[in-house]
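Here is the structure we will look at, set down as structure tokens.
Protein chains: 2
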Amino acid sequence: MPRLADHDHRRRQITDAARRVVARGGLPAATFQSIAAEADLSVRLVQYYFGTKDDVLRATRQAVAADAALHIASAVSEAADADAADPREVIRAILLEVLPVDAARRDDSMVLNAFFFDEITGGASDAPSRDAAGAANYLETLVRDRIVLTGTDRRTAEIDARLIVAAASGLAQAMLADRELAPQAGELLDRLLDRMLTHR
Amino acid sequence: MPRLADHDHRRRQITDAARRVVARGGLPAATFQSIAAEADLSVRLVQYYFGTKDDVLRATRQAVAADAALHIASAVSEAADADAADPREVIRAILLEVLPVDAARRDDSMVLNAFFFDEITGGASDAPSRDAAGAANYLETLVRDRIVLTGTDRRTAEIDARLIVAAASGLAQAMLADRELAPQAGELLDRLLDRMLTHR
DNA sequence: TCCTTTGTGATACGAACGTATCACTATGCT
DNA sequence: AGCATAGTGATACGTTCGTATCACAAAGGA
Chain A
1 MPRLADHDHR
11 RRQITDAARR
21 VVARGGLPAA
31 TFQSIAAEAD
41 LSVRLVQYYF
51 GTKDDVLRAT
61 RQAVAADAAL
71 HIASAVSEAA
81 DADAADPREV
91 IRAILLEVLP
101 VDAARRDDSM
111 VLNAFFFDEI
121 TGGASDAPSR
131 DAAGAANYLE
141 TLVRDRIVLT
151 GTDRRTAEID
161 ARLIVAAASG
171 LAQAMLADRE
181 LAPQAGELLD
191 RLLDRMLTHR
Chain B
1 MPRLADHDHR
11 RRQITDAARR
21 VVARGGLPAA
31 TFQSIAAEAD
41 LSVRLVQYYF
51 GTKDDVLRAT
61 RQAVAADAAL
71 HIASAVSEAA
81 DADAADPREV
91 IRAILLEVLP
101 VDAARRDDSM
111 VLNAFFFDEI
121 TGGASDAPSR
131 DAAGAANYLE
141 TLVRDRIVLT
151 GTDRRTAEID
161 ARLIVAAASG
171 LAQAMLADRE
181 LAPQAGELLD
191 RLLDRMLTHR
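Those protein sequences? They're chains A and B, same order as listed. With the first letter of the first sequence counted as 1, position 135 gets the number 135 in our numbering; the numbers rise by one all the way through. With the first letter of the second sequence counted as 1, position 93 gets the number 93 in our numbering; the numbers rise by one all the way through.
Okay, here's the thing in structure tokens:
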């Protein structure tokens, strides 16, 4: 049993490269050539590890979705630690973690959006594959649960959570189009939560 | 001066076809072949009227942006007629006009989003061409002006308008992913405006 | 040492697509 | 009738890209 290679590491190397390529130029920019070049590997090796291009993109999409979920989950636990009980602060932390406020998050947003619109337009061939769309649902659940903690009834909390996540997602979109918006993200978020989380 | 053809009509025929193709399959689906087939014209004629593919897409993008602006403007004037003075009803009418609540609006949203993300990823080659991004700005201005009418100070109105438009844009995105959301659009919008347009 | 896994390189083929060219037809004003 | 405009069809060329194949090199544990 000679020369055991770290397949998982290799695969991650490749999907990470694909992720960067997509972040830079969208899904159309993702070709065998561009991905291999970005990973500084031979085109052949990419073929070698993933048979077809669809396989590469499928794996990349799943990796991105999983990373995003982890990212959010860690933001939740951090916020929960720091500010033990205030649901509003937790929600704020989650959303601030998701908005494209810096280069890294900007890349994440771009990639997620690229896959999302590919799914919408039916670009994803055989599998249903609602990975990117699922991320928004996950966010909604998190936010909804936090709103319920404030004493809001479940149905209202559901609607409000949907609106809050929609607003964040729309803000993210706007920030992708206009980088100058990044510094205002915190302020906008505060204002949004002021308006959405107030009992009356 | 023989056989005068209606060039504008022809061009619109073609850009309309392109619009439908993009609505169905995104920008990657827009090829000379698919556009010509959709317009029921020869591939050659499309080349004949617009030299290159970029020209076709440029014209389509501009047509779509212009249509959207007209669409919104007419919604504004209708709402202003019906409910002469209530800014909230005008805003509601505008946003309901923009959300993908039916097939036609769904197509519009798809196309706008397709071009928008193309612009973001730098797909638009030479020209800056912020047509799609400009639409959101236009919306923000409209909403902001209506909010100012309620007595809110300008700076606050700007922020609120940005948040409202962001929420609508995020909702639109969610509705594109999940058609079942369409019937709830009105309710969600009402709730959003309840929360965002209340003085305190 | 040898054999298996791991990885490379060249190369080829076909499909989709954008683009250009040429020759040809049809139409309808003047 | 004649001619400029409008439109067609075939065809061909070059790219880019995905995919498949073949032979070969390297490396390290048994």
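By construction, the Cβ of each residue, glycine as well, lies at the ideal position given by its N, Cα and C atoms.
Among the options, the one whose alpha carbon lies nearest that of residue i
{"i": "THR180 (chain A)", "options": "A:ARG146, A:THR150, A:ARG106 and A:ARG144", "result": "According to the sequence shown, residue 180 (chain A) is Glu rather than Thr. Checked all of A:ARG146, A:THR150, A:ARG106 and A:ARG144; the closest Cα to GLU180 (chain A) is A:ARG106."}
{"i": "ALA79 (chain B)", "options": "B:PRO100, B:LEU197 and B:ALA93", "result": "B:ALA93"}
{"i": "ALA23 (chain A)", "options": "B:THR121, B:ARG10 and B:PRO28", "result": "B:THR121"}
{"i": "ARG19 (chain B)", "options": "B:GLY151, B:ASN113 and B:GLU158", "result": "B:ASN113"}
{"i": "VAL111 (chain A)", "options": "A:GLN62, A:ASP6, A:VAL90 and A:GLU89", "result": "A:GLN62"}
{"i": "SER109 (chain A)", "options": "A:THR156, A:GLY123 and A:MET175", "result": "A:MET175"}
{"i": "GLY151 (chain B)", "options": "B:ALA69, B:PRO87 and B:LEU95", "result": "B:PRO87"}
{"i": "ALA29 (chain A)", "options": "A:ALA185, A:LYS53, A:LEU197 and A:SER42", "result": "A:LYS53"}
{"i": "GLY26 (chain B)", "options": "A:ALA185, A:ASP131 and A:GLY123", "result": "A:GLY123"}
{"i": "LEU95 (chain B)", "options": "B:HIS9, B:ALA136, B:ALA66 and B:ASP81", "result": "B:ALA136"}
{"i": "ALA66 (chain B)", "options": "B:VAL76, B:ASP131 and B:ALA177", "result": "B:ASP131"}
{"i": "ASP102 (chain B)", "options": "B:ALA69, B:ASP40, B:LEU142 and B:ALA172", "result": "B:ALA172"}
{"i": "ASP160 (chain A)", "options": "B:THR141, B:GLN184 and B:ALA69", "result": "B:GLN184"}
{"i": "VAL206 (chain A)", "options": "A:ASP55, A:THR141, A:LEU197 and A:ALA5", "result": "A query on residue 206 (chain A) cannot be resolved here, the shown segment of chain A reaching from 1 to 200 and no further."}
{"i": "ALA68 (chain A)", "options": "A:ALA177, A:PHE32, A:ALA5 and A:GLU97", "result": "A:GLU97"}
{"i": "ASP55 (chain B)", "options": "B:LEU70, B:LEU41 and B:PHE32", "result": "B:PHE32"}
Chain-ordered chain A contacts of residue i [CB-CB under 7 Å]
{"i": "GLN173 (chain B)", "result": "SER169"}
{"i": "LEU201 (chain B)", "result": "Residue 201 (chain B) lies beyond the residue range present for chain B, which begins at 1 and ends at 200; the question has no answer from this structure."}
{"i": "ARG195 (chain B)", "result": "ARG195 and MET196"}
{"i": "GLY151 (chain B)", "result": "Result: empty, since nearest Cβ-Cβ is about 16 Å, beyond 7 Å."}
{"i": "GLY51 (chain B)", "result": "Per Cβ cutoff of 7 Å: no residues; GLY51 (chain B) is ~22 Å from chain A at best."}
Neighbourhood of residue i by C-beta, 6 Å cutoff - its chain only, sequence neighbours within 5 removed
{"i": "ALA139 (chain A)", "result": "The sequence shown places Leu at residue 139 (chain A), rather than the Ala named in the question. Hits under 6 Å: VAL165."}
{"i": "GLY146 (chain A)", "result": "Rather than Gly, the amino acid found at residue 146 (chain A) in this sequence is Arg. Same-chain partners within the cutoff: PRO87, VAL90 and ILE91."}
{"i": "HIS7 (chain A)", "result": "none"}
{"i": "LEU197 (chain B)", "result": "ARG88"}
{"i": "GLY170 (chain B)", "result": "none"}
Listed by chain order, chain B residues near residue i by CB distance under 8 Å
{"i": "PHE117 (chain A)", "result": "GLY26, ASN113, ALA114 and PHE117"}
Residues of its chain near residue i, where Cβ-Cβ distance is below 7 Å and the 5 sequence neighbours each way are ignored
{"i": "ALA73 (chain A)", "result": "none"}
{"i": "ALA133 (chain B)", "result": "PHE116 and GLU119"}
{"i": "VAL21 (chain A)", "result": "ALA29, ALA30, SER34, ILE35 and GLU38"}
{"i": "ALA59 (chain B)", "result": "ARG11, THR15 and PHE50"}
{"i": "HIS71 (chain A)", "result": "GLU97"}
Residues that residue i contacts on chain A, provided the C-beta gap is smaller than 9 Å
{"i": "ALA177 (chain B)", "result": "PHE116, GLU119, ILE120, ARG130, ALA132, ALA133 and ALA136"}
Contacts of residue i in chain B (Cβ-Cβ under 9 Å)
{"i": "ALA161 (chain A)", "result": "The contacting residues do not exist; ALA161 (chain A) stays about 11 Å from chain B at best."}
Residues that residue i contacts on chain B, provided the C-beta gap is smaller than 7 Å
{"i": "LEU192 (chain A)", "result": "LEU163"}
{"i": "ARG19 (chain A)", "result": "The contacting residues do not exist; ARG19 (chain A) stays about 14 Å from chain B at best."}
{"i": "ALA166 (chain A)", "result": "ALA167, GLY170, LEU171 and ALA174"}
Check whether residue i and residue j have beta carbons under 8 Å apart
{"i": "LEU193 (chain B)", "j": "LEU188 (chain A)", "result": "no"}
{"i": "ALA168 (chain B)", "j": "LEU99 (chain B)", "result": "yes"}
{"i": "LEU195 (chain B)", "j": "ARG144 (chain A)", "result": "At residue 195 (chain B) the sequence reads Arg, which differs from the Leu that was named. Not a contact, by the Cβ cut-off of 8 Å."}
Close-in-space but distant-in-sequence residues of the same chain around residue i (CB under 8 Å, 5 per side omitted)
{"i": "VAL148 (chain A)", "result": "ARG154 and ALA157"}
Meets three-Cβ-pair contact criterion under 8 Å: the segment 10-17 of chain B and the segment 31-46 of chain B: As far as the Cβ criterion goes, the segment 10-17 of chain B touches the segment 31-46 of chain B, which means the pair count is three or higher.
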